[in-house]
Amino acid sequence: VQCVICNQQLAYNNNTSSMLRHFRAKHDTSARAAASSQDSRKDNIDEALVSMIVKDLQPFSIVDDKGFRAFISLLDPTYVLPSRLALKSMVDARYKREKEKAKEIIQKAPAVSLTSDMWTSIHMDAYLAINCHFINESDELTSMLLTVRSFPENHTAANIAKVLATLMEEWNIQSKLMCLVTDGAANMLACANNLDARHIHCIAHALNLVVRKALDLTPGLEDMRGKARKVAAYFRTSTLARERLLFLQRQMQAVAPVHKLIQEVDTRWNSTFDMLSRLYEQREPVSAALASLHTDVAPLTSAEYDAISECLEVLSPLKEATVELSAEKSVSGSKVIPLIRMLRHSITSKLRHVRGVVASKLCGNIVQLMNEKLSHYETASQHSLATLLDPRFKVMGFCNATNSETAVKRLTAKCATLLRNSSTTLDPPQPAASSSAESS
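See below:
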């Protein structure tokens, strides 16, 4: 007989003994290596499949889809897709590995801060999200999502505090928590008190409340927002209207780019800015589309668009500040006081130059509400010290000289305390002289 691998002639005596001896002696190692290589390739493909599921939020049922199975078979006929249940187990295993890696990284951080928020899905299911922020070993600001969990319980301070306490114990960060940043809701404030944690009101949320209230208090602007909401809703819900608008947008690309309209979200003022900004950008194709359609949706007038343009100019610095304060990769604590100062200066300056009644009233409302709701940040210990210690700002970041002087005194006192404690630690008291030494 002849070996099909190496073509060597082998003796054959009505049994396979000689063939088995030859295979084990000459080819067993290469066979094991080939099998090992095949297993390694399957593991790599499995991991790539898990990554796709996680990153692209694909359902586990994708492995049962005929088109996906045919696609994989064409790429690699030897690869066997895992079952839906097996894929779920693989994702769970990846989650556990990544969680352990995250724990190792967080354990090396000397201090952490937590941000937490309650939110509701479009299906009215409540969720609690908790993020951890710290400086890693490379001196980089790092953020990690610790959990997003369903929260069917009542949103009481005790229930929220219980979840946070359990989470901190699981991640072993109880002793290194510096502060808890949330919105200004009473249950969140009480939650921080229950945990004996320093609470900081999210400045982006505070600014959001100020601008939302200013928008609501501005006569005339609410009517324009209402008309804008109806226009956006009409083109989002009517197929005929949407197709007509798209046709006109393509015909008028020299006037405005092809963009969809944006609908306002009640809880986020910047969505109001985005809605009005996009509508103003698309005002010509939108007006042309409404004029050619049989609808009772009223278009905005030229005067209303002029008023919106002025209001957008007023709101633009506030939008930029909101984006800046919401960034994860830059420290925002030291920017709070300088940004409030710059916003106050910017809005006050615009108040002197705007011509329209609506924009002028909006400016006045914003300045008044900023003075009422945001002035206290300049005297807050953590924010004033952060501004003072930031080499970009120091005392120049403050509006009020008295507040900057108070911050300097506070910083001096803290430094003195640290020096005293450091001196006590580094220079322990000498043992008292013995009685015999004293007598000599």
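In terms of UniProt numbering, the sequence shown has 362 at position 362, counting the first letter as 1, and numbering is strictly consecutive.
Just so you know, even glycine gets a beta-carbon here, dropped at the ideal spot from N, CA and C.
Remember, it's a predicted structure, so these values are computed and weren't measured experimentally.
- Leaving aside the five residues that flank residue 404 on each side, the residues in its chain whose CB is nearer than 6 Å to its CB run, in chain order, 395 and 398.
- Pairing residue 229 with residue 263 gives a Cβ-Cβ distance under 8 Å.
- Straight through space, the alpha carbons of residue 408 and residue 388 are spaced by roughly 7 Å.
- The count of Cβ pairs closer than 8 Å, one atom from the segment 224-242 and one from the segment 376-390, stays below three, leaving the stretches out of contact.
- By the Cβ criterion, the segment 64-84 is in contact with the segment 40-53, since at least three pairs of Cβ atoms, one from each stretch, lie closer than 8 Å.
- Looking at the DSSP output, residue 259 shares a beta bridge with no other residue.
- A Cβ-Cβ distance of about 11 Å is found for the pair residue 167 and residue 195, leaving them out of contact under the 8 Å criterion.
- For residue 133, the enclosing beta strand (DSSP E) stretches over residues 126-135.
- C-alpha of residue 99 to C-alpha of residue 267: approximately 32 Å in a straight line.
- Counting only the Cα atoms, residue 66 lies some 50 Å from residue 224.
- Taking C-beta atoms as the reference points, residue 343 and residue 335 fail to come closer than 8 Å.
- When the five nearest sequence neighbours on each side are left out, the beta carbons in the same chain lying within less than 7 Å of the beta carbon of residue 190 are those of 157, in order along the chain.
- Distance from the Cα of residue 368 is smallest, within the candidate group 215, 2, 245 and 105, for 215.
- Residue 285 and residue 248 have their alpha carbons spaced roughly 6 Å apart.
- Listed as beta-bridge partners of residue 148 by DSSP are 129.
- Note that the C-beta distance between residue 218 and residue 358 is below 8 Å.
- Restricting attention to 257, 94 and 180, the CA atom closest to the CA of residue 116 is found in 180.
- Secondary structure at residue 354: coil, using DSSP grouped into helix, strand and coil.
- Put simply, of 350, 339, 289 and 279 the residue whose alpha carbon is nearest the alpha carbon of residue 313 is 350.
- Where residue 199 is concerned, the enclosing beta strand (DSSP E) starts and stops at 199-201.
- Rounded to the nearest whole angstrom, the C-alpha separation of residue 88 and residue 97 is 14 Å.
- Contact check for residue 135 against residue 114 fails: the beta carbons are separated by 8 Å or more.
- In this structure residue 86 is exposed. Its beta-carbon is surrounded by fewer than 16 other beta-carbon atoms within 10 angstroms.
- Non-local C-beta neighbours of residue 410 in its own chain, meaning closer than 8 Å and more than five positions away in sequence, comprise 381, 384 and 385, ordered along the chain.
- For residue 275, the closest C-alpha among the options 421, 232 and 106 is that of 232.
- Taking C-alpha positions only, residue 185 is separated from residue 161 by approximately 14 Å.
- Residue 287 and residue 299 do touch by the CB rule: their CB atoms are close to 5 Å apart, below 8 Å.
- Residue 145 and residue 182 have their C-alpha atoms roughly 15 Å apart.
- In the three-state DSSP reduction, residue 179 falls in the strand class (E or B).
- The secondary-structure analysis by DSSP pairs residue 9 across a beta bridge with 2.
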